[in-house]
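Asks: Structure provided below as structure tokens; questions to follow.
Numbering (the working numbering), first residue to last: 236 to 597.
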């Protein structure tokens with residue numbers, strides 16, 4: 236502004252004193268700009284140092300709570316050996332990722348669910364040597380328990396090569412128990428169907444087993460995962476086995492989150508609820524019955540304007556369409572605008588946001 240004033244005064248009649256004052260003001264303004272630039276540089280450096288210190292402190296706090304995965308499952312080898320012997324089954328049990336670091340609270344809470352999943356695989360999943368040979372399989376069954384760090388999360392997998400789940404029999408079971416109508420059961424995807432195995436008091440067997448049915452069903456796995464902000468996904472092929480994938484945060488003491496901006500307000504979405512990011516072309520946005528939808532993996536997901544709706548209102552999910560891939564959690568960029576895809580009660584919805592930022596410890 237002072238430079239503009241100086242230019243405007245060129246040619247005007249101004250005494251030397253006025254010009255001197257103007258020159259002094261311009262010099263002082265330049266000095267102030269220089270000082271301000273230096274202070275801003277110092278503030279930026281201070282912010283970077285504090286961020287590094289906060290990150291370091293967060294890592295050290297998390298590291299101090301970590302324990303090897305094997306500490307929580309050290310008795311599983313003997314358990315598998317004893318149970319397989321009592322059932323007359325031959326089982327090769329393998330634990331991978333023994334040294335994978337796990338938060339001690341998670342390790343304590345996950346031991347019982349893992350114990351039951353292993354027992355369930357031994358009792359319900361793996362066949363006897365005679366049954367396996369008749370099915371063209373090796374007499375010895377395989378059971379895998381694996382723990383790995385994947386994309387900032389803890390992944391635990393329990394996998395067997397047993398008989399798998401008869402999905403048609405399961406479909407008939409849930410219809411017979413009045414849990415869904417016959418038409419709804421026909422429309423259920425594999426993922427939706429297998430979710431019934433994790434409901435309270437649900438079993439595919441009529442009689443309780445001493446091995447895996449001691450009053451603790453697979454529902455304890457589901458409830459524990461919810462308590463620890465985790466995600467559970469099961470897949471199965473008849474005659475080939477079953478795979479259960481547990482995805483958990485690395486620590487319960489901190490939450491890594493994706494920061495989003497909605498109408499000038501910041502929100503944090505836990506990374507445990509986010510699976511991937513992608514770019515969605517404009518032609519994948521559709522209008523059906525007056526509602527916007529985004530097409531993700533050939534599934535129609537209801538699209539909401541986040542600044543108009545509450546992200547955490549459960550009723551919003553009932554307005555969206557259930558997806559065949561109900562376990563999908565994703566962050567979607569639609570037409571240049573960030574869109575977060577989330578789930579609640581097995582329904583998906585997507586919401587447009589003003590901006591997204593990198594995940595940070597919270």
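C-beta: ideal position from N, C-alpha, C; glycine also. Nothing here was measured: the structure is a model prediction, and the numbers come from that model.
Could you please give me the residues that DSSP links to residue 326 through a beta bridge?
Replies: Residue 326 pairs with 376.
Asks: One question on the structure: do residue 433 and residue 453 come within less than 8 Å of each other, judged by their Cβ atoms?
Replies: Yes, they are a contact pair.
Asks: How big is the Cα-Cα spacing for residue 287 and residue 278?
Replies: So the two alpha carbons sit approximately 14 Å from each other.
Asks: Return the CA-CA distance between residue 486 and residue 431, expressed in angstroms with no decimal places.
Replies: Distance between the alpha carbons of residue 486 and residue 431 is about 28 Å.
Asks: Can you round the beta-carbon distance between residue 425 and residue 402 to whole angstroms, since I take them to be within the 8 Å contact cut?
Replies: Residue 425 to residue 402, Cβ: 7 Å. Contact.
Asks: Measure how close the beta-carbons of residue 322 and residue 353 come, nearest whole angstrom, since I'm counting them as under 8 Å.
Replies: With a Cβ gap of about 13 Å, residue 322 and residue 353 do not count as contacting.
Asks: Within the continuous alpha helix (DSSP H) that includes residue 407, where are the two ends?
Replies: Segment 402 to 411, the alpha helix (DSSP H) holding residue 407.
Asks: Within 10 angstroms of the Cβ of residue 555, are there 16 or more other Cβ atoms? Answer buried if so, exposed if not.
Replies: Its pLDDT being 31, under 50, residue 555 is placed unreliably by the model, and the measurement read from it follows with that caveat. The residue is buried, with at least 16 neighbouring Cβ atoms inside 10 Å.
Asks: If we count the other Cβ atoms within 10 Å of its Cβ and call it buried at 16 or more, is residue 482 buried or exposed?
Replies: Classification of residue 482: buried, given that the 10 Å Cβ count is 16 or more.
Asks: Indicate whether the contact test is met: 3 or more Cβ pairs, each with one atom in the region 462 to 482 and one in the region 342 to 360, closer than 8 Å.
Replies: Taking 8 Å as the limit for Cβ pairs, the verdict is that the region 342 to 360 does touch the region 462 to 482.
Asks: Within 10 Å of its beta-carbon, does residue 522 have 16 or more other beta-carbons around it, so buried, or fewer, so exposed?
Replies: Under this definition residue 522 is an exposed residue.
Asks: At which residues does the alpha helix (DSSP H) containing residue 368 begin and terminate?
Replies: Start and end: 364 to 369.
Asks: Counting along the chain, where does the alpha helix (DSSP H) carrying residue 521 start and finish?
Replies: That residue, residue 521, is in no alpha helix (DSSP H); its beta strand (DSSP E) goes 520 to 523.
Asks: Using 8 Å for Cβ pairs, my map puts residue 429 next to residue 395. What's the rounded Cβ distance?
Replies: Residue 429 to residue 395, Cβ: 14 Å. No contact.
Asks: Would you tell me roughly how many angstroms separate the C-alpha atoms of residue 535 and residue 327, rounded to the nearest one?
Replies: Rounded to the nearest angstrom, the two C-alpha atoms are 43 Å apart.
Asks: What separation, rounded to the nearest whole angstrom, lies between the Cα atoms of residue 551 and residue 520?
Replies: Confidence is the limiting factor: at residue 551 the pLDDT is only 28, short of 50, which leaves the residue's position unreliable, though a coordinate-based value still follows. Their Cα atoms are separated by approximately 19 Å.
Asks: Use the C-beta contact count for residue 264: other C-beta atoms within 10 angstroms, 16 or more gives buried, fewer gives exposed.
Replies: So residue 264 ends up on the exposed side.
Asks: Only counting the same chain, and skipping five residues up and downstream in sequence, which positions put a Cβ closer than 8 Å to that of residue 384?
Replies: Closer than 8 Å at the Cβ level, and outside the excluded window around residue 384, lie 335, 336, 390 and 485.
Asks: In the DSSP assignment, find the alpha helix (DSSP H) that holds residue 339 and state where it starts and stops.
Replies: Here the alpha helix (DSSP H) through residue 339 covers 339 to 355.
Asks: Expressed to the nearest angstrom, what Euclidean distance is found between the alpha-carbon atoms of residue 372 and residue 466?
Replies: Their backbone Cα atoms lie some 32 Å apart in a straight line.
Asks: When you compare only the Cα positions, how much space is there between residue 377 and residue 320?
Replies: Going by the C-alpha atoms only, they are around 14 Å apart.
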